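A.B. asks: In order, the protein sequences belong to chains A and B. Using our numbering, read the first sequence as starting at 47 and increasing by one per residue. Using our numbering, read the second sequence as starting at 653 and increasing by one per residue.
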Amino acid sequence: MPKRQDIDKVLVIGSGPIVIGQAAEFDYSGTQACKALKEENIQVVLVNSNPATIMTDPDIADRIYIEPITLDVVSRILYRERPQGILPTLGGQTGLNMAVQLAQSGILDRLGIQLLGTSLSSIQKAEDRKTFKIAMEEIGEKVASSAVVTSLSEAISFAEEVGFPIIIRPAYTLGGTGGGIAHNMEEYKSIVARGLKSSIIHQVIVEQSLVGWKEIEYEVIRDGADNCIVVCTMENLDPVGIHTGDSIVVAPSQTLSHKEHSMLANAAKRIIRALEIQGGCNIQFALNPNSFEYVVIEVNPRVSRSSALASKATGYPIARVVSKIAVGLNLDEIVNPVTQTTYACFEPSVDYVVTKVPRWPFDKFATANRTLGTQMKATGEVMAIGRNFEESLLKAIDSLDIKMNYHIGMKEITSWSDQAIMNSLKNPDDERIFVISEALNRGYSVDEIHEITGIDRFFIRKLQNINSLSSRVKACRGKTISRELLYECKKYGFGDSYIAELLNASESEVKDLRKQYGIGPVYKIVDTCAGEFKAATPYYYSSYDIYDDAKPSEGQKVVIIGSGPIRIGQGIEFDYCSVHCAKALRELGIKAVIINNNPETVSTDFDISDTLYFEPLTKECVLDIIEREKPLGVVVQFGGQTAINLAQPLAKAGVRILGTSVEDIDKAEDREEFLKTLKGLNIPMPAGSTAYSVDDAVRIAEKISYPVLVRPSYVLGGRAMELVYNHEELLEYMKAAVVVSRNHPVLVDKYIPGKEVEIDGISDGKDVLVVGIMEHIERAGVHSGDSIAVYPAQHLSDEIKNRIVDYSVRIAKALNIKGLFNIQFVLDPDNNLYVLEVNPRASRTVPVLSKATGIPMVKLATRIMLGQSLEELGYATGVVPEPHLVTVKAPVFSFAKLTTVDIFLGPEMKSTGEVMGTDTSYYKALHKALMAAGIQIPSSGNILFSVADRDKEEASGMAAELSSMGYNIYATDGTYEYFSKKGFPVRQVRKMHLIDALKNDFFQMVINTPTRGKNPSRFGFMLRRTAMEFNIPCITSLDTVRAILQTLKHRNERFEIIPLNRYSICANASAMPPVLAVNR
Amino acid sequence: MKKAVLVLEDGSHYIGKLIGSEGEVFGQLVFNSSMTGYQEILTDPCYRGKIVTFTYPMIGNYGYNLEDNESPMVQARGVIIKELCDEPSSWRSHGSLADFLRMNGITGIQDIDTRHLVHSLREKGSMRGIISSVNDNVEALLDKVNKLSKLHTDPVAEITVGSVFSLEGKGPRIAVLDLGVKYSLINSLASLDCHIFMLPAYADDKEILSLRPDGVILSGGPGDPRMLPYAVKTIRALIGQKPILGIGLGCQLAGMAMGMEVARLKAGHYGNNQPVKDLSNQRVYMTYQHHDFILESDSAKDLVVTHINMNDNTVEGFISTRYPLRGIQFHPGFALAEDESSRVLTEFVASL
């Protein structure tokens, strides 16, 4: 059927901020959807609260609303825009839920708007456990049984129905305790009783045990003519029980015979037909490893993280095809953009192995429970492609960009006791793969490990292959490794650095030997068809095979280093920058070559760059590509710290780094060097020094006086950074958190409790454009990524602003910045301005500022890196005039997924995503941002205060104000005593009754400032976590409370719905009038 | 591991490692892009005499078992694999693929750049070649390839049944002309409760008609239909007398019997993801096929093309407007979800 003629305007709902379980993959699918619709001459209206997305860029959709995804807001947009249809299946669960809510509210019927593609009833059929089960039974498919029970008798009747074994999982437990597997009624009763007790909400989930069954996923697409295809099969390395988002996943399936594969593929097609999905869906099966028995675990009637992975793994653009189906096209009418000669109606075949490995945030959350289970904990993932499984797995591990590459991962485990290894095998966590390898090294057999872990022997043997190959290499220590052996290592994905480690040699020695032997990678193309047809898309992966698929392209090229997996502190915003850089290069007629390994992102979509390399971002892999492509230079500014860390090794290897030079990057990153520069400029920095021992640290702290900020020097981005208020806390930190030594000193800085301000700027070395000054709501001490930021700054005098611009300009010039930079300042109560740090690269706020000002920041920076000047581009030194709208950026956290993580805000970043609210006044924008971030501010009710001694005075004022607004103020013991003297009504709550009060929804908001975090046994921690689990807003910074107070005072002002094209100073960003900035 | 060499008729060669039995095998190289099903493919009579290249790089992961054969033995003459898994993992596994190949006396080569080989076959068209673990002289092997290429072979004659036999059933009586029949077809007919007569490929019309069949099925099989003039003659004599369904090679022969021309595809259709459109309802199905030859649509007389291949628009099925005769290029079996060939087969049986 050709495209529907009745549709010419469509609303696409995005997925909102990045949280665990809903990451960049929906920017990727949403962006593809918008482009696919525009190709069909359909106007696209987009709503998403996440500014760091490509889909919210002016050239992706026709009308963009960066607004909270709430029923009220989206309804208002629908009234205004009157699209004929909504595409509900591209924006993750958020988008899907919103579409369902809209449909149920009746607005769609009222305005005559249709849900395109998969219908409401199909969505509901798949999402509702009960109707789903019935639908499956009708077509003879079995569903894994589970039930939510609140009493022992309910639990018993479930057990009688499904039989044993049964998994018991208490809902909402602190620390996830109380669950287990029961093999008989006796065990079952006792575990359920214990679980009910430990669950805060007295609720237990009981589930038919599929422990040890294989978890297999199918990505299926169906069109309006009932044509169905299986795009990809994926096999989870971990058996059922570990969330697929936390599993290592391999595509295609490896251990299924054709009969088993066909059985599931046929079931998948029956299921998508029974659910009448028009579009894509992900179907998860559990397959008994010893028979043909299987059950359906679940169906996602939308694009998902898995479909993004399947798209990148096969080259088949699922989101694009699904969008075309939604507007009436059938699979046989959609051209396969990869071959350009065949159609989308086929089942992709691959001739390589794809491995996805999750990226967990445990490096940031030392106290988090690392055990993997049914709750996803990974923030992101990497994907690698190889011609064998070992290669694909090792490349993926190298791509993780953690200190845990394969050899280091293994090293950390070697010191473990046998008992620890056994425990870890039984209770899988993020280090599972290393633990299995180590167990093999210690003589556990493949069968034993299979019995314990349920992982198929096939995969365990592959790990054994890696081990035996590494022993063979180790045996060559002190001798020259043969060409054959070295080649075998490379073929199985051993990085040069791993081989060097095994040989006790340096990485460069290995590389030299490799060159000498003539061993180098070749590059193969991902083509959807295993070579059957010629591919038109240059999407490459390396392998140590014999022949290159194609010669590198001719012409001028620039390599862009991507930012790898999404993690806390390095999120989607860097992918945004990489994509914009590619776009800017292509506009200049220069070919953009992207290297990245994140399957969720837009940057790894095949039509973003001229050439895409899906590779680990290691020095070795990047250099191999550079040697092949021979680019003009390499851009490292946009790939976050991952790319910056590569600058020096690349420069040493003779690669031209575009933009700010490596020496100047170092000058900004090295503390001593930077201090020298600032001294020379007469710009102050908080007092502080480097401590090489505990005594040193104490001496320094006493000299500069408490409180002080302490952090190890060798980690960046606020990791392991802490604010300590006194001698004891300092000693505790020094003892527990870090190893201090000559090689690993600790930085001790004076903590200045002032207002934090940051700027983003662009410099060409001569002129410096300050794009915007952002003010943080939370005072210094809260990581900038976790603060609410406001642009333009609302509480700074012109004099301060001028001083900020002056400092910024001078610093950028002194550091000879060419491209983007970011500076963080703190302003103390006496209006002294200090520089906290300078980042000589794109910062987290680039997308927000680009959108709020309309200045194409990445484009300008890219052009400067290629030799153009700000002047040529129409800008001069100074600050960009402030727009008339106010923009507020608010952080979003994923604490619900990370049990035992303390939620208080501090110098370590904890947020996973952000939202943006833009409106005509500060209060409206703030209200909007808080709403988009999901903070529900109660309009009346009970508010609990429990604050640290140092905060009591400040908090009492706020409590008084809230009280006068009609809220009932409650306080815990110490806080109560303090407040009760202040003359406003306050009621006392005993700590012992508090948790119960929280559980019973007695409080609508909790305000708690921590005395000291990290210790899960402390009362404050319990309080915060309990509030968290019960979805009660818990505010841990008084500055945030103040901001909330302000919005409460202005809550009668209804916020506006404003499309992006009205934000910028002028309507069209690309037609900016020249020289906007004030010349200084 | 022992070295093996692959030499192609264009003079190119690849050096890899031996799998299966020591020796030297000659055959036409084809590539198959199915990611599973190597056992079914290798034992499929349609691959008789061919050297099969698997595009998926890891083959043998689940070993071999006693249930998945398409015929009593491996039919392919040689096999080309990127990496063979010697320690399979599957509850049904009876042993490794390497054992299976050795048991069947099949010689193969692994650890060569199979993707490059596939590109070469795609660009230059189907080629003949030799795999040898006993001789690594490329010149000498090339010489052999050229000599052996001139020899006439009749793979159908090698595999067709020796004499007529029948399988009892209560349903329609079906005569199956065995041009290289596979278990899937027999199983499909058996599940429809047909009374099946298996006939040698060289059986003539009288012999067939003497069995009083309700319908005739021309099975799939290997090779060039132009090498089987005797079968074309038989079919021509049967047309109009009994309803006929041709599958794969049988489809080509039926077309030829109706006066259609056949042509050779550059690289053949091999795999289980061949999209075929049913022109009667515009639906597209994934099909299982393996053929080098196609019927040319413009040579059709008294025929309507019913199915085309979505990738290259070639004929994948036809029906006669005058006689009860139809043909499809794709095969039942291989456990496909919506098996269009099974639908056609069922329809055919039901019509009898």
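The beta-carbon is built from N, C-alpha and C at its ideal position, and this holds for glycine as well. Keep in mind it's a predicted model, so treat the numbers as computed, not measured.
Once DSSP output is grouped into helix, strand and coil, what is the label at residue 927/B?
C.D. replies: Of the three classes helix, strand and coil, the one that applies to residue 927/B here is strand, per DSSP.
A.B. asks: Cα separation between residue 752/B and residue 717/B?
C.D. replies: Residue 752/B and residue 717/B: Cα-Cα distance of roughly 9 angstroms.
A.B. asks: Would DSSP call residue 991/A helix, strand or coil?
C.D. replies: Strand at residue 991/A.
A.B. asks: With 9 angstroms as the limit, tell me which residues of the segment 727-741 of chain B have their beta carbon closer than that to any beta carbon of chain A; keep them in chain order.
C.D. replies: The segment 727-741 of chain B vs chain A, Cβ under 9 angstroms: 734, 735, 737, 739, 740, 741.
A.B. asks: As a quick exercise: from 665/B, 929/B, 660/B, 976/B, pick the residue whose alpha carbon is nearest that of residue 982/B.
C.D. replies: Of the listed residues, the one whose Cα sits closest to residue 982/B is 929/B.
A.B. asks: Could you check what DSSP says for residue 851/A in three-state terms: helix, strand or coil?
C.D. replies: DSSP places residue 851/A in helix when its eight states are reduced to three.
A.B. asks: Check residue 72/A in the structure and name its three-state DSSP category.
C.D. replies: It is helical.
A.B. asks: Using the beta-carbon of each residue, which ones in chain B are nearer than 8 angstroms to residue 377/A?
C.D. replies: 936, listed in chain order.
A.B. asks: Beta-carbon within less than 6 angstroms of residue 290/A's beta-carbon, same chain only, minus the 5 sequence neighbours each way: which residues are those?
C.D. replies: Answer for residue 290/A: 282, listed in chain order.
A.B. asks: Would you grab the beta carbon distance between residue 727/B and residue 696/B for me? Rounded to a whole angstrom, and I think it's under 8 angstroms.
C.D. replies: Confirmed, about 6 angstroms.
A.B. asks: Pull up the DSSP beta-bridge partners for residue 1022/A, would you.
C.D. replies: DSSP output for residue 1022/A lists no bridge partner at all.
A.B. asks: Helix, strand or coil for residue 1113/A per DSSP?
C.D. replies: Interpretation of residue 1113/A is limited by its pLDDT of 38, a score under 50 that renders its predicted location unreliable; the figure taken from the coordinates is listed afterwards. Coil.
A.B. asks: On the three-pair Cβ rule with 8 angstroms, is the segment 776-791 of chain B touching the segment 813-828 of chain B?
C.D. replies: As far as the Cβ criterion goes, the segment 776-791 of chain B does not touch the segment 813-828 of chain B, which means the pair count is below three.
A.B. asks: So with CB distances below 7 angstroms, who are the chain A contacts of residue 689/B?
C.D. replies: What residue 689/B touches in chain A: 304.
A.B. asks: If the criterion is Cβ atoms closer than 9 angstroms, does the pair residue 1056/A and residue 941/A meet it?
C.D. replies: No, they are not a contact pair.
A.B. asks: For residue 772/A, which three-state DSSP category applies?
C.D. replies: Correct three-state label for residue 772/A: coil.
A.B. asks: Taking the C-alpha atoms as reference points, what is the distance between residue 117/A and residue 101/A?
C.D. replies: Distance between the alpha carbons of residue 117/A and residue 101/A: 21 angstroms.
A.B. asks: Return the chain-ordered ranges of every alpha helix (DSSP H) run that is complete within the segment 746-818 of chain B and spans a minimum of 4 residues.
C.D. replies: As far as the segment 746-818 of chain B is concerned, its whole alpha helix (DSSP H) runs of at least 4 residues are 749-755, 766-776, 790-802, 807-811.
A.B. asks: Kindly list, in the order they appear in chain A, the residues whose Cβ is closer than 9 angstroms to that of residue 697/B.
C.D. replies: Within chain A, no residue comes near residue 697/B; the closest Cβ sits about 17 angstroms away, beyond 9 angstroms.
A.B. asks: Tell me where the alpha helix (DSSP H) around residue 38/A begins and ends.
C.D. replies: Absent from the structure is residue 38/A, since the part of chain A shown begins at 47 and ends at 1126.
A.B. asks: So, at 8 angstroms on beta carbons, what are the nonlocal neighbours of residue 190/A in its own chain, with the 5 sequence-adjacent residues on each side left out?
C.D. replies: So the qualifying residues of the chain are 253, 254, 256, 332, 341, 342, 343.
A.B. asks: Is residue 670/A close to chain B? Criterion is C-beta to C-beta, closer than 9 angstroms.
C.D. replies: No, residue 670/A does not count as interfacial toward chain B.
A.B. asks: Considering only the alpha carbon of each residue, which of 739/B, 937/B, 743/B lies closest to residue 750/B?
C.D. replies: It is 739/B whose Cα lies nearest to the Cα of residue 750/B.
A.B. asks: Mind checking which residues open and close the alpha helix (DSSP H) that includes residue 208/A?
C.D. replies: Its alpha helix (DSSP H) spans residues 198-208.
A.B. asks: Counting only beta-carbon separations shorter than 9 angstroms, does residue 507/A have a partner in chain B?
C.D. replies: Chain B, which has a Cβ nearer than 9 angstroms to the Cβ of residue 507/A, makes this yes.
A.B. asks: My assumption, with CB atoms under 8 angstroms, is that residue 154/A sits in contact with residue 162/A. Please give the rounded CB distance.
C.D. replies: Actually they do not touch by this definition, with Cβ atoms about 11 angstroms apart.
A.B. asks: In chain order, what residues of the same chain have a beta carbon less than 8 angstroms from the beta carbon of residue 394/A, not counting five sequence neighbours either side?
C.D. replies: These residues qualify, in order along the chain: 277, 278, 360, 361, 362, 574, 575.
A.B. asks: For residue 476/A, count neighbouring Cβ atoms within 10 angstroms of its own Cβ and tell me buried if that reaches 16, exposed if not.
C.D. replies: By the neighbour-count rule (16 or more Cβ atoms within 10 Å), residue 476/A is buried.
A.B. asks: Could you pull the DSSP bridge partners for residue 1077/A from this structure?
C.D. replies: Partner(s): none; residue 1077/A has no beta bridge.
A.B. asks: Hey, quick one: how far does the alpha helix (DSSP H) through residue 563/A stretch, first residue to last?
C.D. replies: 553-563 is the extent of the alpha helix (DSSP H) around residue 563/A.
A.B. asks: Quick one: give me the first and last residue of the alpha helix (DSSP H) that residue 905/A is part of.
C.D. replies: First-last of the alpha helix (DSSP H) with residue 905/A: 903-911.
A.B. asks: Indicate whether the contact test is met: 3 or more Cβ pairs, each with one atom in the segment 676-686 of chain B and one in the segment 781-791 of chain B, closer than 8 angstroms.
C.D. replies: The answer is yes - the segment 781-791 of chain B touches the segment 676-686 of chain B, with three or more Cβ pairs under 8 angstroms.
A.B. asks: Who are residue 192/A's beta bridge partners in DSSP?
C.D. replies: Note: residue 192/A sits in a beta bridge opposite 253/A.
A.B. asks: If the cut-off is 7 angstroms on Cβ atoms, which residues from the segment 696-716 of chain B count as contacting chain A, listed in chain order?
C.D. replies: Correct list: 707, 708, 709, 710, 713, 714.
A.B. asks: Assuming residue 667/A and residue 588/A form a contact by the criterion Cβ under 8 angstroms, report the distance between their Cβ atoms to the nearest whole angstrom.
C.D. replies: At roughly 7 angstroms, the Cβ-Cβ gap stays under 8 angstroms, so residue 667/A and residue 588/A are in contact.
A.B. asks: Going along the chain, which unbroken runs of the alpha helix (DSSP H) with 4 or more residues stay wholly within the segment 452-524 of chain A?
C.D. replies: Segments of the alpha helix (DSSP H) lying fully in the segment 452-524 of chain A: 452-460, 464-472, 478-487, 492-499, 503-520.
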